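Below is one structure, written out as structure tokens, with a few remarks after it.
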Amino acid sequence: MDNHILEVSNLHVSFKTRNGEVPAVRGVNFSLKKGETLAIVGESGSGKSVTAKSIMQLLPKQNTIIPEGEIRYEGKDLLKFSKKEIQSIRGSDISMVFQDPMTSLNPTMKIGKQIMEGLSRHMNLTKKQARERAKEMLELVGIPNAEARLDAYPHQFSGGMRQRVVIAIALACNPKVLIADEPTTALDVTIQAQILRLMRGLQEKMDTAIILITHDLGVVANMADRVAVMYAGEVVEQGTLDEIFYRPQHPYTLGLLRSMPNLDAPRTEPLIPIPGSPPDPATLGTGCPFAARCPYTMKVCHDHNPDYTAVSGTQAVRCWLQDERTPDEHVPEVIRKGRQTSEIAADQAAIDAAGGVPV
Ligand code: SF4
1496 MDNHILEVSN LHVSFKTRNG EVPAVRGVNF SLKKGETLAI VGESGSGKSV
1546 TAKSIMQLLP KQNTIIPEGE IRYEGKDLLK FSKKEIQSIR GSDISMVFQD
1596 PMTSLNPTMK IGKQIMEGLS RHMNLTKKQA RERAKEMLEL VGIPNAEARL
1646 DAYPHQFSGG MRQRVVIAIA LACNPKVLIA DEPTTALDVT IQAQILRLMR
1696 GLQEKMDTAI ILITHDLGVV ANMADRVAVM YAGEVVEQGT LDEIFYRPQH
1746 PYTLGLLRSM PNLDAPRTEP LIPIPGSPPD PATLGTGCPF AARCPYTMKV
1796 CHDHNPDYTA VSGTQAVRCW LQDERTPDEH VPEVIRKGRQ TSEIAADQAA
1846 IDAAGGVPV
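Count along the sequence shown starting at 1, add 1495, and that's the number in the working numbering.
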């Protein structure tokens, strides 16, 4: 039986600009099972947040175009929902936590009232029941003296405590899916670890599925079951946490692993930044969008964007290196054998030497 709670298929999102339509998300596919965490990673501008906001239909209607695709929640396509239908699932079935808690909280309203708003709207509770539930939620996210804190305003909380409040609001109605967009990026490292622990604990208690949008591979290592890597609006590779960290197949995934200093384990190799910068989405050609930065670019890469190749039952990659149709003589000598890059093997050895992916 299909136990996917959310399935995104062939999603395309473009923005209307003065220079015409600019694609931001190009044919994205992924799915989410009950209770699991899918991390979506990539550099800024890769389409992670646009993808997340499309699910909740939070993109500005007047300049957003979704020409193709489906976002199926419990089998129903959210893109066909009316405004009213979307509002009824927003906050109750699917919730979102953003990077900056101050943008999610109303500075002029008491915290308790802000938690109670969603409860009254979605759960039909009386005022007394909603206040009781709001207090329980503050306790659940570890805010001391919860009863009294219900009557405090956002500015009376620290940054970490504010993000706990936002998580309390997001989870108050027991949503089945939580979309967390860089939820700890604005916080210092100690608070970040506390918030991540809190989210993991609540997820276990409530069996919530999480889509975690982040550029931080340390956060991914600590939270994710599966990982989707985005580049230039496409998911270029996805797989289980182990597959992405130990057996990355896309040169961009490899580049991310080698360039980010966020893994908790000590590294045995220097950090190597990915040369160049992401392409301008307005001028993307027909080839692989990573071709200008990729150390293995072949002629075919400039001409045609690759399709997905399944590497295992759970891992798929968009790269000509893994595509059987690429003639062996076109593949660079260094990776021809088994189509594994020597760098991938070296990176894997470094992770192994560090005692594996930190969890
Ligand atoms: Fe590099 Fe070609 Fe693979 Fe793109 S398709 S990542 S350019 S090898």
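Ideal Cβ placement from N, Cα and C applies to all residues, glycine included. Computed from a predicted structure; not experimentally measured.
message: What I want to know is whether the C-beta of alanine 1811 ends up closer than 7 Å to one or more non-hydrogen atoms of the ligand SF4.
response: As a working note, residue 1811 is residue 316 in the sequence shown. Answer for alanine 1811: no, Cβ out of range of the ligand SF4.
query: What's the gap between the Cα of valine 1714 and the Cα of arginine 1616?
result: Sequence index remark: in the sequence shown, residue 1714 carries index 219 (1-based). Sequence index remark: in the sequence shown, residue 1616 carries index 121 (1-based). Straight-line Cα distance between these residues: approximately 33 Å.
- prompt: Which word fits threonine 1703, buried or exposed, when buried means at least 16 other C-beta atoms lie within 10 angstroms of its C-beta?
  reply: Locating residue 1703 in the sequence shown gives position 208, counting from the first residue. It is buried - the Cβ of threonine 1703 has at least 16 other Cβ atoms within 10 Å.
field: Beta-carbon contacts of arginine 1644 that lie in its chain and below 7 Å, excluding the five residues immediately before and after
entry: As a working note, residue 1644 is residue 149 in the sequence shown. Correct list, in chain order: Ile1606, Leu1633 and Ile1638.
message: When you compare the segment 1516-1535 with the segment 1730-1743, are there three or more beta-carbon pairs, one atom per stretch, that lie closer than 8 Å?
response: yes
task: Select from Ala1641, His1745, Lys1529 and His1650 the residue whose C-alpha is nearest the C-alpha of threonine 1804.
output: Within the sequence shown, the letter at position 309 stands for residue 1804. Nearest of Ala1641, His1745, Lys1529 and His1650 to threonine 1804, Cα basis: His1745.
field: Sequence ranges, beta strand (DSSP E) only - wholly within the segment 1585-1648, length at least 3
entry: 1589-1592
- request: Return the chain-ordered ranges of every alpha helix (DSSP H) run that is complete within the segment 1711-1764 and spans a minimum of 4 residues.
  value: 1712-1718, 1736-1741 and 1746-1754
query: Is any heavy atom of the ligand SF4 found at a distance shorter than 7 Å from the C-beta of glutamine 1668?
result: Here residue 1668 corresponds to residue number 173 of the sequence shown, with the count starting at 1. Residue identity differs from the one stated: residue 1668 is cysteine in this sequence, not glutamine. Because no heavy atom of the ligand SF4 lies under 7 Å away, the Cβ of cysteine 1668 does not count as near it: no.
query: Cβ-heavy atom distance between methionine 1793 and the ligand SF4 below 7 Å?
result: Within the sequence shown, the letter at position 298 stands for residue 1793. Yes; taking the cut-off as 7 Å, the Cβ of methionine 1793 has a heavy atom of the ligand SF4 nearer than that.
- request: Confirm, please, whether the CB-CB distance from leucine 1816 to isoleucine 1706 is below 8 Å.
  value: Here residue 1706 refers to the residue found at position 211 when the sequence shown is read from its first residue. Here residue 1816 refers to the residue found at position 321 when the sequence shown is read from its first residue. Not a contact, by the Cβ cut-off of 8 Å.
- request: Would you give the residue range spanned by the beta strand (DSSP E) that histidine 1499 belongs to?
  value: Taking the sequence shown and counting its residues from 1, the one referred to as residue 1499 is at position 4. Element bounds for histidine 1499: 1499-1512.
query: So does phenylalanine 1525 have its beta carbon nearer than 7 Å to some heavy atom of the ligand SF4?
result: Numbered from 1 along the sequence shown, position 30 holds the residue referred to as residue 1525. Phenylalanine 1525 Cβ: outside cutoff for every heavy atom of the ligand SF4.
task: Pick helix, strand or coil for leucine 1573, following the three-state DSSP scheme.
output: Position 78 of the sequence shown, counting from 1, holds the residue named residue 1573. The answer is helix: DSSP assigns leucine 1573 an H, G or I state.
query: Going by C-alpha distance, which of Asp1683, Ala1647 and Pro1670 is nearest glycine 1654?
result: Taking the first residue of the sequence shown as 1, we reach residue 1654 at position 159. Comparing Cα positions, the closest option is Asp1683.
- prompt: So is the beta-carbon of alanine 1723 under 7 Å away from any non-hydrogen atom of the ligand SF4?
  reply: The sequence position of residue 1723 within the sequence shown is 228, counting from 1. False, no ligand heavy atom lies under 7 Å from that Cβ.
query: Just curious, the alpha helix (DSSP H) that serine 1544 is in, first and last residue?
result: In the sequence shown, the residue the question calls residue 1544 occupies position 49. Looking at the DSSP string, the run of the alpha helix (DSSP H) that includes serine 1544 is 1543-1551.
query: Is leucine 1600 near proline 1649, with beta carbons less than 8 Å apart?
result: Position 105 of the sequence shown holds residue 1600. Position 154 of the sequence shown holds residue 1649. Their beta carbons are under 8 Å apart, which means leucine 1600 touches proline 1649 by this criterion.
- prompt: Do you know offhand how far proline 1774's Cα is from serine 1539's?
  reply: Here residue 1774 corresponds to residue number 279 of the sequence shown, with the count starting at 1. Here residue 1539 corresponds to residue number 44 of the sequence shown, with the count starting at 1. Approximately 12 Å, taken between the alpha carbons.
message: With the cut-off set at 8 Å, would you say valine 1592 and leucine 1673 are in Cβ contact?
response: Residue 1592 sits at position 97 when you count from the first residue of the sequence shown. Residue 1673 sits at position 178 when you count from the first residue of the sequence shown. Their beta carbons are under 8 Å apart, which means valine 1592 touches leucine 1673 by this criterion.
- request: Throw me the rounded Cβ distance for the isoleucine 1589 and methionine 1551 pair, which I believe falls under 8 Å.
  value: Taking the first residue of the sequence shown as 1, we reach residue 1589 at position 94. Taking the first residue of the sequence shown as 1, we reach residue 1551 at position 56. Isoleucine 1589 to methionine 1551, Cβ: 6 Å. Contact.
- request: Can you say whether alanine 1598 is buried or exposed, counting buried as having 16 or more other CB atoms within 10 angstroms of its CB?
  value: Here residue 1598 is taken as the residue at index 103 of the sequence shown, counted from 1. One point to set straight first is that residue 1598 is threonine, not alanine, in the sequence displayed. That one is exposed.
- request: On the DSSP bridge assignment, give the partners of glycine 1515 in chain order.
  value: Here residue 1515 refers to the residue found at position 20 when the sequence shown is read from its first residue. BP columns for glycine 1515 point to Thr1512.
- request: Following the continuous alpha helix (DSSP H) through isoleucine 1664, name the residue where it begins and the one where it ends.
  value: What you label residue 1664 is simply residue 169 of the sequence shown in a count that begins at 1. Per DSSP, isoleucine 1664 belongs to the alpha helix (DSSP H) from 1654-1666.
task: Report yes or no: do three or more beta-carbon pairs, one from the segment 1543-1562 and one from the segment 1501-1508, lie closer than 8 Å?
output: yes
message: Is it buried or exposed, glycine 1771, if we count other Cβ atoms within 10 angstroms and call 16 or more buried?
response: Your numbering for residue 1771 matches position 276 in the sequence shown. When all chains shown are included, glycine 1771 counts as exposed.
Own chain residues within Cβ distance below 8 Å of asparagine 1558, not counting five before or after: As a position in the sequence shown, residue 1558 is number 63, starting the count at 1. Excluding sequence neighbours, asparagine 1558 sits near Phe1510, Lys1511 and Thr1512.
message: Below 8 Å on the Cβ atoms is my contact criterion, and I expect leucine 1635 with alanine 1663 to pass it. Report the Cβ-Cβ distance as a whole number of Å.
response: Mapped onto the sequence shown, residue 1635 falls at position 140. Mapped onto the sequence shown, residue 1663 falls at position 168. Their Cβ separation, rounded to whole angstroms, is 7 Å, which keeps leucine 1635 and alanine 1663 in contact under 8 Å.
query: Does the distance from the CB of proline 1581 to the CB of leucine 1573 come in under 8 Å?
result: As a first step, residue 1581 is located in the sequence shown; it is residue number 86 there, counting from the start. As a first step, residue 1573 is located in the sequence shown; it is residue number 78 there, counting from the start. Reading off the sequence shown, one finds isoleucine at residue 1581, where the question assumed proline. The answer is yes: Cβ separation under 8 Å.
query: Hey, how far is the Cα of glutamate 1631 from the Cα of glutamate 1642?
result: The sequence position of residue 1631 within the sequence shown is 136, counting from 1. The sequence position of residue 1642 within the sequence shown is 147, counting from 1. Approximately 9 Å, taken between the alpha carbons.
message: Pull the bridge partners of tyrosine 1568 from the DSSP assignment, please.
response: Along the sequence shown, one-based indexing puts residue 1568 at 73. For tyrosine 1568, which the question treats as bridged, DSSP gives the partners Leu1501 and Lys1571.
- prompt: What is the DSSP secondary structure of aspartate 1676, counted as helix, strand or coil?
  reply: The count along the sequence shown starts at 1 and reaches residue 1676 at position 181. Strand.
Cβ pair valine 1660, proline 1602 closer than 8 Å: Position 165 of the sequence shown, counting from 1, holds the residue named residue 1660. Position 107 of the sequence shown, counting from 1, holds the residue named residue 1602. In this structure, proline 1602 does not lie closer than 8 Å to valine 1660 by Cβ.
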